[in-house]
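Enquirer: If you count the sequence shown from 1, position 170 lands on 182 in the working numbering, and the numbers rise without skipping. A virtual CB, placed ideally from N, CA and C, is assigned to each residue, including glycine. This structure is in structure tokens; I'll ask about it shortly.
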Amino acid sequence: MRETQKLWSNKKGILQCLLLVLAWKTVSAQIHYSIPEEMQKGSFVGNIAKDLGMDGKQVSDHGLRIVPSIGTIQYFALNANSGHLQIAERIDREEICKVAEKCVLKFQVLIESKLKLYGVEVEITDINDNAPKFLLKEWKLKVSETSTLGDRFPLPKAQDPDLGLNSVQSYQLAGSPHFSLDLQMKENGIRHAELVLEKSLDREEQAVYDLILTATDGGDPTRSGSVQVQIVILDANDNAPVFSQKIYEANLKENIPEGSTACKVRAIDLDEGINGEVKYSFEKTTEEDSQMFQLNSTTGEITLLGNLDFEASSLYEFEVQAMDGGGLSDTSKVVIFVTDLNDNAPELAITFEINSIPENSPTGTTIAILNVQDRDSGVNGEVKCSIPSNLPFQLKKSIDNFYTLATDRMLDREQVATYNITITATDNGTPPLSTSKIISLQVLDTNDNPPLFAESAYSSYLIENNARGASIFSVRANDPDWEENAHISYSILEDQGSRSLLSSYLSINSETGAIYALNSFDYEEFREVRFYVKAQDGGTPPFNSNVSVTLFILDQNDNAPEILYPSPPTDGSTGIELAPRSSEPGYLVTKVVAVDADSGQNAWLSYQLLKATEPGLFTVGLHTGEIRTTRFFLEKDALKQSLVVLVKDNGQPPLSISVTVTVVLADSIPEILSDLSSISAPVDPRSDFTFYLVVAVAFVSCLFFTFLLVLLAIRLHKWRSSHLYDSGSVNFTGVPVSQFVGVDGVRAFLQSYCHEVSLTTDSRKSQFNISKTNYSNTLSNEETCDGKDPILSGDDLNLNNGDQIVVQVS
Numbered sequence: 013m014r015e016t017q018k019l020w021s022n023k024k025g026i027l028q029c030l031l032l033v034l035a036w037k038t039v040s041a042q043i044h045y046s047i048p049e050e051m052q053k054g055s056f057v058g059n060i061a062k063d064l065g066m067d068g069k070q071v072s073d074h075g076l077r078i079v080p081s082i083g084t085i086q087y088f089a090l091n092a093n094s095g096h097l098q099i100a101e102r103i104d105r106e107e108i109c110k111v112a113e114k115c116v117l118k119f120q121v122l123i124e125s126k127l128k129l130y131g132v133e134v135e136i137t138d139i140n141d142n143a144p145k146f147l148l149k150e151w152k153l154k155v156s157e158t159s160t161l162g163d164r165f166p167l168p169k170a171q172d173p174d175l176g177l178n179s180v181q182s183y184q185l186a187g188s189p190h191f192s193l194d195l196q197m198k199e200n201g202i203r204h205a206e207l208v209l210e211k212s213l214d215r216e217e218q219a220v221y222d223l224i225l226t227a228t229d230g231g232d233p234t235r236s237g238s239v240q241v242q243i244v245i246l247d248a249n250d251n252a253p254v255f256s257q258k259i260y261e262a263n264l265k266e267n268i269p270e271g272s273t274a275c276k277v278r279a280i281d282l283d284e285g286i287n288g289e290v291k292y293s294f295e296k297t298t299e300e301d302s303q304m305f306q307l308n309s310t311t312g313e314i315t316l317l318g319n320l321d322f323e324a325s326s327l328y329e330f331e332v333q334a335m336d337g338g339g340l341s342d343t344s345k346v347v348i349f350v351t352d353l354n355d356n357a358p359e360l361a362i363t364f365e366i367n368s369i370p371e372n373s374p375t376g377t378t379i380a381i382l383n384v385q386d387r388d389s390g391v392n393g394e395v396k397c398s399i400p401s402n403l404p405f406q407l408k409k410s411i412d413n414f415y416t417l418a419t420d421r422m423l424d425r426e427q428v429a430t431y432n433i434t435i436t437a438t439d440n441g442t443p444p445l446s447t448s449k450i451i452s453l454q455v456l457d458t459n460d461n462p463p464l465f466a467e468s469a470y471s472s473y474l475i476e477n478n479a480r481g482a483s484i485f486s487v488r489a490n491d492p493d494w495e496e497n498a499h500i501s502y503s504i505l506e507d508q509g510s511r512s513l514l515s516s517y518l519s520i521n522s523e524t525g526a527i528y529a530l531n532s533f534d535y536e537e538f539r540e541v542r543f544y545v546k547a548q549d550g551g552t553p554p555f556n557s558n559v560s561v562t563l564f565i566l567d568q569n570d571n572a573p574e575i576l577y578p579s580p581p582t583d584g585s586t587g588i589e590l591a592p593r594s595s596e597p598g599y600l601v602t603k604v605v606a607v608d609a610d611s612g613q614n615a616w617l618s619y620q621l622l623k624a625t626e627p628g629l630f631t632v633g634l635h636t637g638e639i640r641t642t643r644f645f646l647e648k649d650a651l652k653q654s655l656v657v658l659v660k661d662n663g664q665p666p667l668s669i670s671v672t673v674t675v676v677l678a679d680s681i682p683e684i685l686s687d688l689s690s691i692s693a694p695v696d697p698r699s700d701f702t703f704y705l706v707v708a709v710a711f712v713s714c715l716f717f718t719f720l721l722v723l724l725a726i727r728l729h730k731w732r733s734s735h736l737y738d739s740g741s742v743n744f745t746g747v748p749v750s751q752f753v754g755v756d757g758v759r760a761f762l763q764s765y766c767h768e769v770s771l772t773t774d775s776r777k778s779q780f781n782i783s784k785t786n787y788s789n790t791l792s793n794e795e796t797c798d799g800k801d802p803i804l805s806g807d808d809l810n811l812n813n814g815d816q817i818v819v820q821v822s
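Shown next as structure tokens:
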């Protein structure tokens, strides 16, 4: 026995090699191999990598793998290193394909690098791995003793799931010379053995014959099976049962309930008594049929023991025997067709899937590969896959039952960031059944959108004298991209001309867009600041956009008014304005001129007379600053009038400054001096100051008269010598220019003075050109008109002062 197995093993290996050499690859993307059944796990089937034109070193790089089929056993495995197809599970051709003449296993392989499917067919060839087998261990046959020579009697048939030579080829009978065996070939090629009576029977001589029936196949080595045949000799029975039909056919729906009647057979026997009693039995059936159907031996009714499944078996075929009590029998064939119902929903499997895709992926990018199966047949097994029509994807059928899900147009993450794609597989049954699966696809962001500011231009207002580091305002830009592509940084664009200004005065937070003032702004220096802010995202390459920003500086009342006239003295004296005693009410004495560096209402100035020697004698214009007389001068009015004028702006809080204006009531300069000399100061023996003051005034008066005489003599001498009286000039030296500065004040003084010292009769047409201006401030302390305060000091009458006023008379 061991030698026989060893010989079979060697022959099996030779056969396997021969079959592997015959492996071929079809032109239509189908790879075909042929192998014998029952090969060991890990056995070589074929070199798929070589047949697909791939180098063995590149198998792992290409991602070659087998696509599993839904609801089936994976009989093959792929060696990822060598690209060899190997046996993964035991392959039994009889279990997989049953009685089919050609047994082919189909599957698909996927090259992930190319996203391409290839069909593979592996034909399973039969080997003699099954011995003939009889379903019954003992076969009893009743034969009448009146049977004639040559009568034939049925014998049980051996079952061998192998094909061709490996199936039952011959029968042998042993045990008695009264019977012989006759082999007959039926239309389907199956050999049928019948028992032939060779010698006459005599029940009284021998009532029972025990025979051995042996069935042998044609494999190498041969296999056989036997059954014991017991022949019981009966009394004479001259009528055999006869079936009403030679073939009984029935159509059953696969959802017929268990216990239902599948078919009913009927045989008639004309004999009476025990010879006419017919018993029904399965004569030729498989183990599967015997488990699915039950035959009532008395009524001939065939009932269903289990649930029919068209997908498991669509046809049941077996033979029924009717035997009477005398041992005579008849056979009939029963064929049951199973009608398919749409009782299986399509099965949908995702073979390949990606969960994320960049939004700039080209149209036609593969997202998933799907496999759909339906266990039903015909129309019920026809399946169509679909996806919602409003999605930017398309579903195309590739080969067999495989579909490819790909993009149909460009994606935009800013519109839709995530897609939940529902794939529905629906069959064509009635009613249709369907199965759905959802594929979640996330669209990855690419930097395809620049930052956009909320406004086209920004403007803000800031009050001057702001605190350093104060937040002015913020700009904000939005980027519809994601993560780093949407991360915005802000910066201030600096021009070459204003770089120092912007960098020293402004700063921006690169993350928030908040703009800060690094230094305090001065409205008098900057009225507005214009610059650009750039927003740049973090993408590669980055996108940016600019926006114009205008910062308006608002004025604050931080500057007090400034007196331009009368100019403040530099030697401690005050400005002197002359007012003729003959002035009428409303006479313009002088004008206080002031400016304010602020703007707007902070620079609106108002003038107010705070203090005067003679209240009610003078008035000051509220907005003009003009000092005018309000009445005629009286004899009792003091020669010198001190006026304190307050200049105030309109800011909040208001700022102000005051100036003291001295007005001397006289019609001429000599009169000024004489009037001043006639002013008697109160006697104060305890003070020597008054004495010195009187001496100084007398000295100044004398000096002034001397100056006038000299000047008059010079003028007369020149006039006489040139006879050009209309072109003479008088130079005043030693008189402080501060007393003559101003527009209206200078004009008033000169007009009153020209009445007395004019050298021509038309003195009102005199023109004055100030060659040098002394911008001295007015007196800061208030002066009264008493004898203690001198009006003209010795310094004011110094002939070597250097300040010169030229008076031209025409």
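If you draw a straight line from the alpha carbon of Gly663 to that of Gly525, how long is it in whole angstroms?
Expert: By one-based count along the sequence shown, residue 663 stands at place 651. By one-based count along the sequence shown, residue 525 stands at place 513. Answer to the nearest angstrom: the Cα atoms are 34 Å apart.
Enquirer: Give the DSSP-derived three-state secondary structure of Val712 in the structure shown.
Expert: Taking the first residue of the sequence shown as position 1, residue 712 is located at position 700. Helix, per DSSP.
Enquirer: Report yes or no: do the segment 462 to 481 and the segment 406 to 414 share at least 3 C-beta pairs separated by less than 8 Å?
Expert: Flag = no, the segment 462 to 481 and the segment 406 to 414 do not touch.
Enquirer: Between Ser501 and the rest of its own chain, which residues show a CB-CB distance below 6 Å, the 5 nearest in sequence each way excluded?
Expert: Here residue 501 is taken as the residue at index 489 of the sequence shown, counted from 1. Excluding positions up to five away in sequence, the list reads Ser522, Gln548.
Enquirer: Can you give me the C-alpha to C-alpha distance between Asp107 and Glu50, rounded to a whole angstrom?
Expert: As a first step, residue 107 is located in the sequence shown; it is residue number 95 there, counting from the start. As a first step, residue 50 is located in the sequence shown; it is residue number 38 there, counting from the start. Correcting the residue identity first, residue 107 is Glu in this sequence and not Asp. Those two C-alpha atoms are separated by around 11 Å.
Enquirer: What first and last residue would you give for the beta strand (DSSP E) that runs through Asp301?
Expert: Mapped onto the sequence shown, residue 301 falls at position 289. Counting along the chain, Asp301 falls outside any beta strand (DSSP E), though it belongs to the alpha helix (DSSP H) covering 299 to 304.
Enquirer: Which residues does DSSP pair with Trp151 in a beta bridge?
Expert: Position 139 of the sequence shown holds residue 151. Trp151 pairs with Val241.
Enquirer: What are the start and end residues of the beta strand (DSSP E) that includes Asp222?
Expert: On the sequence shown, position 210 is the one that residue 222 refers to. Here the beta strand (DSSP E) through Asp222 covers 220 to 229.
Enquirer: Report the three-state DSSP secondary structure of Leu177 (helix, strand or coil).
Expert: Looking up residue 177 in the sequence shown gives position 165. Residue state, collapsed to three classes: helix.
Enquirer: The alpha helix (DSSP H) with Ala61 in it runs from where to where?
Expert: Walking along the sequence shown from the start, residue 61 turns up at place 49. Where Ala61 is concerned, the enclosing alpha helix (DSSP H) stretches over 60 to 63.
Enquirer: With burial defined as no fewer than 16 other Cβ atoms inside 10 Å of the residue's Cβ, what is the status of Ser156: buried or exposed?
Expert: Position 144 of the sequence shown, counting from 1, holds the residue named residue 156. Classification for Ser156: buried.
Enquirer: Would Ser487 and Val561 be called neighbours here (beta carbons separated by less than 8 Å)?
Expert: In the sequence shown, the residue the question calls residue 487 occupies position 475. In the sequence shown, the residue the question calls residue 561 occupies position 549. What sits at residue 487 in the sequence shown is Val, not Ser. It is a contact, given that the beta carbons lie within the stated cut-off.
Enquirer: When you compare only the Cα positions, how much space is there between Arg164 and Ser46?
Expert: Position 152 of the sequence shown, counted from the first residue, corresponds to residue 164. Position 34 of the sequence shown, counted from the first residue, corresponds to residue 46. Cα to Cα, Arg164 sits roughly 44 Å from Ser46.
Enquirer: Which word fits Val632, buried or exposed, when buried means at least 16 other C-beta atoms lie within 10 angstroms of its C-beta?
Expert: To locate residue 632, count along the sequence shown from 1; it is residue 620. That one is buried.
Enquirer: Report the rounded CA-to-CA distance for Trp616 versus Arg593, giving the unit in angstroms.
Expert: Here residue 616 refers to the residue found at position 604 when the sequence shown is read from its first residue. Here residue 593 refers to the residue found at position 581 when the sequence shown is read from its first residue. Roughly 34 Å between the two C-alpha positions.
Enquirer: Please classify Gly551: is it buried, with 16 or more other beta-carbons within 10 angstroms of its beta-carbon, or exposed?
Expert: Walking along the sequence shown from the start, residue 551 turns up at place 539. Flag for Gly551 reads buried.
Enquirer: So, at 7 Å on beta carbons, what are the nonlocal neighbours of Asp420 in its own chain, with the 5 sequence-adjacent residues on each side left out?
Expert: Reading the sequence shown from its first residue, position 408 is the one you call residue 420. Same-chain partners within the cutoff: Thr375, Pro404, Phe405, Gln406.
Enquirer: Per DSSP, which one or two residues make a beta bridge with Asn263?
Expert: Numbered from 1 along the sequence shown, position 251 holds the residue referred to as residue 263. Per DSSP, Phe349.
Enquirer: Find the nearest neighbour of Tyr130 within the set Asp172, Arg77, Leu724, Asn142, judged by alpha-carbon distance.
Expert: For the purposes of this step, residue 130 is taken as the residue at position 118 of the sequence shown. Checked all of Asp172, Arg77, Leu724, Asn142; the closest Cα to Tyr130 is Arg77.
Enquirer: Could you compute how far the alpha carbon of Gly285 sits from the alpha carbon of Asp336?
Expert: Here the question's residue 285 lines up with position 273 in the sequence shown. Here the question's residue 336 lines up with position 324 in the sequence shown. Gly285 and Asp336: Cα-Cα distance of roughly 10 Å.
Enquirer: With Val132 and Val121 assumed to form a contact (beta carbons below 8 Å), what rounded beta-carbon distance in angstroms separates them?
Expert: As a working note, residue 132 is residue 120 in the sequence shown. As a working note, residue 121 is residue 109 in the sequence shown. Right, the Cβ-Cβ distance comes to about 6 Å (below 8 Å), so this counts as a contact.
Enquirer: Since I believe Pro463 is in contact with Asn354 (beta carbons under 8 Å), could you give me their beta-carbon distance rounded to a whole number of angstroms?
Expert: Position 342 of the sequence shown, counted from the start, is the residue given in the question as residue 354. Position 451 of the sequence shown, counted from the start, is the residue given in the question as residue 463. Incorrect: roughly 58 Å between the Cβ atoms, too far for contact.
Enquirer: Buried or exposed: which applies to Pro173, given that a residue is buried once 16 or more other Cβ atoms fall within 10 Å of its Cβ?
Expert: Numbered from its first residue, the sequence shown carries residue 173 at position 161. When all chains shown are included, Pro173 counts as buried.
Enquirer: Could you give the distance in angstroms between the alpha-carbon of Leu720 and the alpha-carbon of Arg732?
Expert: The sequence position of residue 720 within the sequence shown is 708, counting from 1. The sequence position of residue 732 within the sequence shown is 720, counting from 1. Looking at the two C-alpha atoms, the distance is approximately 18 Å.
Enquirer: For Ile366, count the other beta carbons within 10 Å of its own beta carbon; 16 or more makes it buried, fewer makes it exposed. Which is it?
Expert: As a working mapping, residue 366 is identified with position 354 in the sequence shown. Under this definition Ile366 is an exposed residue.
Enquirer: Taking DSSP as the reference, what is the three-state secondary structure of Tyr183?
Expert: As a position in the sequence shown, residue 183 is number 171, starting the count at 1. Strand, per DSSP.
Enquirer: Looking only at C-alpha atoms, which of Met66, Leu600, Glu394, Pro627 sits nearest to Gly95?
Expert: Walking along the sequence shown from the start, residue 95 turns up at place 83. Here the closest residue by C-alpha is Met66.
Enquirer: Could you give the distance in angstroms between the alpha-carbon of Val350 and the alpha-carbon of Asp388?
Expert: Taking the sequence shown and counting its residues from 1, the one referred to as residue 350 is at position 338. Taking the sequence shown and counting its residues from 1, the one referred to as residue 388 is at position 376. Their backbone Cα atoms lie some 12 Å apart in a straight line.
Enquirer: What is the DSSP secondary structure of Leu667, counted as helix, strand or coil?
Expert: Along the sequence shown, read from residue 1 onward, the residue named residue 667 stands at position 655. Correct three-state label for Leu667: coil.
Enquirer: The beta strand (DSSP E) spanning Val541 covers which residue range?
Expert: Here residue 541 refers to the residue found at position 529 when the sequence shown is read from its first residue. Run containing Val541: 540 to 548, per the beta strand (DSSP E) assignment.
Enquirer: So for Leu129, helix, strand or coil by DSSP?
Expert: Position 117 of the sequence shown, counted from the first residue, corresponds to residue 129. Strand at Leu129.
Enquirer: Do you know whose CA, among Gly58, Glu124, Gln242, Glu113, lies nearest Val79's CA?
Expert: For the purposes of this step, residue 79 is taken as the residue at position 67 of the sequence shown. Closest by alpha carbon: Glu124.
Enquirer: Below 8 Å between beta carbons: does that hold for Ser668 and Leu658?
Expert: Numbered from 1 along the sequence shown, position 656 holds the residue referred to as residue 668. Numbered from 1 along the sequence shown, position 646 holds the residue referred to as residue 658. It is a contact, given that the beta carbons lie within the stated cut-off.
Enquirer: Relative to the alpha-carbon of Phe533, which residue among Leu505, Leu566, Val545 has its alpha-carbon at the smallest distance?
Expert: Here residue 533 corresponds to residue number 521 of the sequence shown, with the count starting at 1. That would be Leu566, whose Cα lies nearest to the Cα of Phe533.
Enquirer: Here's the rule: buried if 16 or more other CB atoms are within 10 angstroms of the residue's CB, otherwise exposed. What is Phe752?
Expert: One-based indexing of the sequence shown puts residue 752 at position 740. The predicted position of Phe752 is uncertain, since its pLDDT is 32 and thus under 50; no value can be drawn from it.
Enquirer: DSSP puts Ser398 in a beta bridge; with which residues?
Expert: Numbered from its first residue, the sequence shown carries residue 398 at position 386. The partner list for Ser398 (beta bridge, DSSP) reads Thr436.
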